[in-house]
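Student: Protein chains in written order, with the numbering used here: chain A, 41 to 298; chain B, 1091 to 1245; chain C, 134 to 420. Got a structure for you, written out below as structure tokens; questions coming shortly.
Structure follows, in structure tokens:
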């Protein structure tokens, strides 16, 4: 029994220490005066790796999810003679929930895992140590640009996801199933609010961007620099980040729409 | 050269993101945002508000001019008091106007229909904080059925 | 148990006449909250402008020593000074400034895998100086010429052999003309030719530029030919030091064992463990 309590205590201590280290890493990376001339190209490079390269998966998944929403929504709504409400149903599901959440999950899998693996490998091959010994702070040089790239990219990706998803819903609902085009858009417009739905969706994806990128970077930076360690850290990034996104989504939804 | 291509790609990426935002803002959302500009508030008391909620639209002849911003119970007899936020663009409603709680379609949501009243020299315009006294409550289905059965019984 | 008391008497005050660039003053260091003690009461003086070799059996924590000097790790006790400054008392900014004056050649080379050899060498210059690109170009080519890789400057690190990667890393390490270069096992895993090249490079750098060098290695033969001064570490502390000639004449059994590569002696062949008989019998008793 005592052993169990001790084990719980150890886990608690480890968790607190881990969270503290993660916070410290982020603060050290982000606080301090930025050097625009040097950090701009680095940010561009990372925006490319993190944002541009994630664009395809986001567009394709957005399109398919929008199409599925259109199909399922139509089949449910048509029973009530309410297929005119297909537009707002698709748009609201995407803007409020699916856009930010699915983007964050895909982002964790696509970009988060690669960030973790990249940094873990840089640690294993002593590139981070070598930066430190060269008098270059790896937190500023390696962590900070990746963090900002993730933070800026994800909301953009979420917007693209929602827009493409709505288009997918339009293709299925209007072009295939024959919902009236005018009604589709006008009922959508009557029910979607700029402040309530779009801005809240963007706020959600900013929060998710912060959390997912942070988790990915910290897992890489603190991993055991061996092949097993890196593979564990990568898995852990995807699992932790996904759970964090889903949990936070509930909290945010409760705050915004509760 | 490589960094130039990278910058180009990132630039395109940002433009695509902004286009998506514009699409969402202009095509999908209601940006004529009745309640986002200058507004003023009107009040109305009802016997029964039915399914009316905060943020339900206030319409004049089907056109949204404002939204329900608050619903409270007020007075000695706990009557529902509805606060409506109306766009300042539409600020010429006479105090003879009436409001009623209507339903869009058979199963649709409930909204407030505002009917502007007649205007002559004795009538004043509604100002911020004024109350509309001519109100018609929501139709409650149970009451209707009850009335129907009662009137049947009288025959 | 061998301790520092076995140090040869003729070199008890090493290079007292030389100015020391790095002074390590009786440090204690343990990994992971004291779970694994690495050093206890270790002291060293690294004379300026000389090649100092630090030798010892594998797994004795020689790399740890270099990380302590570079202040990547912090000793639990004692202090380390670089050019008279206690490096573990420095703030972040000052520490990063001091680190520009030292550099380290990692065992793996630690080249940045996403850049060409040229950009790797140019990296510290671009990062720390405001030199125009034409000047950087000249410096990079000169440094690469010094290690014989000027022709390989457009290759990516993945395309280099191990020996070439280490030479490229050396070019990067000396790009800023540091006062101190620390070599972590520069000879490990090298073929005889590239080993010879690296030995020659270390020697030349020291002679032509007066770079203070610390070479951590267990390759006795190579390092004895170039080192000005040698420290031997075992059992968590310095067990012997002196010039190569002094050490060769030493009668200390531990130094003798190490220099001549005997399997067992004062440095035990076995990792610290209860005797085999106890271990086996104990296991049976436990069962």
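Don't be surprised by glycine CBs; every beta carbon is placed ideally from N, CA and C.
Between which two residues does the beta strand (DSSP E) holding residue 364 (chain C) run?
Tutor: From DSSP, the beta strand (DSSP E) with residue 364 (chain C) extends over 362 to 367.
Student: Work out the CA separation of residue 394 (chain C) and residue 352 (chain C) for me, nearest whole Å.
Tutor: Cα-Cα distance, rounded: 10 Å.
Student: Between the Cα of residue 1200 (chain B) and those of B:1115, B:1147, B:1171, spot the shortest distance and give me the residue it belongs to.
Tutor: That would be B:1147, whose Cα lies nearest to the Cα of residue 1200 (chain B).
Student: Taking 8 Å as the cut-off, does the stretch 1148 to 1157 of chain B touch the stretch 1176 to 1189 of chain B (at least 3 CB pairs, one atom from each stretch)?
Tutor: Segments in contact, yes.
Student: Which residues of the stretch 214 to 241 of chain A have a Cβ closer than 9 Å to any Cβ of chain B? Give them in chain order.
Tutor: Those residues of the stretch 214 to 241 of chain A that come within reach of chain B (Cβ to Cβ, closer than 9 Å) are 225, 228, 229, 230, 231, 232, 233, 234, 235, 236, 237, 238, 241.
Student: Would residue 84 (chain A) count as contacting chain B if we go by Cβ distances under 8 Å?
Tutor: At least one chain B Cβ lies under 8 Å of residue 84 (chain A).
Student: Indicate whether at least one CB of chain A lies closer than 8 Å to the CB of residue 1091 (chain B).
Tutor: With a pLDDT of 46 at residue 1091 (chain B), under the threshold of 50, the predicted position of this residue should be treated as unreliable, and no value is reported.
Student: Taking Cβ-Cβ distances shorter than 7 Å, what residues in chain A pair up with residue 1111 (chain B)?
Tutor: Per Cβ cutoff of 7 Å: 199.
Student: Where does residue 152 (chain C) land, buried or exposed, given buried means 16+ other C-beta within 10 angstroms?
Tutor: Its Cβ having fewer than 16 others within 10 Å, residue 152 (chain C) is exposed.
Student: Is there a C-beta anywhere in chain A that falls below 8 Å from the one on residue 261 (chain C)?
Tutor: So yes, residue 261 (chain C) belongs to the interface.
Student: From C:189, C:336, C:293, C:383, pick the residue whose C-alpha is nearest to that of residue 183 (chain C); which is it?
Tutor: For residue 183 (chain C), the nearest C-alpha among the options comes from C:336.
Student: Under 8 Å, Cβ to Cβ, is there at least one residue of chain B near residue 81 (chain A)?
Tutor: So yes, residue 81 (chain A) belongs to the interface.
Student: Thinking C-alpha only, which one of B:1234, B:1224, B:1131, B:1210 is nearest residue 1217 (chain B)?
Tutor: Out of B:1234, B:1224, B:1131, B:1210, B:1131 has the C-alpha closest to the C-alpha of residue 1217 (chain B).
Student: Alpha carbon to alpha carbon, how far is residue 182 (chain A) from residue 223 (chain C)? Give it in angstroms, no decimals.
Tutor: Residue 223 (chain C) and residue 182 (chain A): Cα-Cα distance of roughly 23 Å.
Student: Let me see if you follow: with CB-CB separation under 8 Å, is residue 165 (chain A) close to chain C or not?
Tutor: Yes, its Cβ sits closer than 8 Å to a Cβ of chain C.
Student: Apart from the five residues on each side of it in sequence, which residues of its chain come closer than 7 Å, Cβ to Cβ, to residue 147 (chain A)?
Tutor: Once the five neighbours on either side are set aside, the close Cβ partners of residue 147 (chain A) are 94, 194, 197, 252.
Student: Between which residues of its own chain and residue 1094 (chain B) is the CB-CB distance below 6 Å, once the five residues before and five after are set aside?
Tutor: None.
Student: To the nearest angstrom, how far is it from the Cα of residue 71 (chain A) to the Cα of residue 245 (chain C)?
Tutor: Going by the C-alpha atoms only, they are around 25 Å apart.
Student: Does the beta-carbon of residue 280 (chain C) have 16 or more other beta-carbons within 10 angstroms, so that it is buried, or is it exposed?
Tutor: Result: buried.
Student: Please report the residue range of the alpha helix (DSSP H) in which residue 78 (chain A) lies.
Tutor: Unbroken alpha helix (DSSP H) run through residue 78 (chain A): 76 to 90.
Student: Against chain C, with Cβ distances strictly below 8 Å, would residue 176 (chain A) count as a contact?
Tutor: For residue 176 (chain A), the answer is yes, since a Cβ of chain C falls inside 8 Å of its Cβ.
Student: Can you list the residues of chain A that residue 1104 (chain B) reaches, using a CB-CB cut of under 7 Å?
Tutor: Residues of chain A passing the Cβ test: 196.
Student: Exposed or buried, what is residue 163 (chain A) when buried is set at 16 or more other beta-carbons lying within 10 Å of its beta-carbon?
Tutor: Per the 10 Å Cβ criterion, buried.
Student: So residue 86 (chain A) packs on residue 227 (chain A), CB below 8 Å; how close in whole Å?
Tutor: About 41 Å separates the two Cβ atoms, so there is no contact after all.
Student: If we ignore side chains and look at the alpha-carbon of each, how far apart do residue 285 (chain A) and residue 121 (chain A) end up?
Tutor: C-alpha separation (whole angstroms): 36 Å.
Student: Between which two residues does the alpha helix (DSSP H) carrying residue 316 (chain C) extend?
Tutor: No alpha helix (DSSP H) holds residue 316 (chain C); the beta strand (DSSP E) holding it covers 313 to 317.
Student: In chain A, which residues lie less than 8 Å from residue 1160 (chain B) when you measure between Cβ atoms?
Tutor: None at all; the shortest Cβ gap to chain A is about 16 Å.
Student: Just mark residue 61 (chain A) as buried or exposed, buried being the case when its beta carbon has 16 or more other beta carbons within 10 Å.
Tutor: With fewer than 16 Cβ atoms within 10 Å of its Cβ, residue 61 (chain A) is classed as exposed.
Student: Using the three-state DSSP reduction, which class does residue 240 (chain A) fall into: helix, strand or coil?
Tutor: Looking at residue 240 (chain A) - three-state DSSP - the assignment turns out to be helix.
Student: Rounded to whole angstroms, what's the CA-CA distance from residue 292 (chain A) to residue 246 (chain A)? Just pull it up for me.
Tutor: Rounded to whole angstroms, residue 292 (chain A) to residue 246 (chain A) spans 12 Å at the Cα level.
Student: Run down chain B in chain order and give the residues with a C-beta less than 7 Å from the C-beta of residue 205 (chain A).
Tutor: Under the 7 Å cutoff, chain B gives no residues; its nearest Cβ is about 10 Å from residue 205 (chain A).
Student: Using a Cβ-Cβ cut-off of 8 Å, state whether residue 1153 (chain B) counts as contacting chain A.
Tutor: No, residue 1153 (chain B) lies away from the interface with chain A (no Cβ there is under 8 Å from its Cβ).
Student: For residue 1158 (chain B), which of helix, strand or coil comes out of DSSP?
Tutor: Strand at residue 1158 (chain B).
Student: Whole angstroms are fine: how far does the CA of residue 260 (chain A) sit from the CA of residue 231 (chain A)?
Tutor: Spanning the two alpha carbons is a distance of roughly 43 Å.
Student: Short of 6 Å in beta carbon distance, which residues of its chain neighbour residue 156 (chain A), apart from the five on each side in sequence? Order them along the chain.
Tutor: Closer than 6 Å at the Cβ level, and outside the excluded window around residue 156 (chain A), lie 256, 259, 260, 273, 274, 277.
Student: To the nearest angstrom, report how far apart residue 157 (chain C) and residue 212 (chain C) are at their CA atoms.
Tutor: Cα to Cα, residue 157 (chain C) sits roughly 6 Å from residue 212 (chain C).
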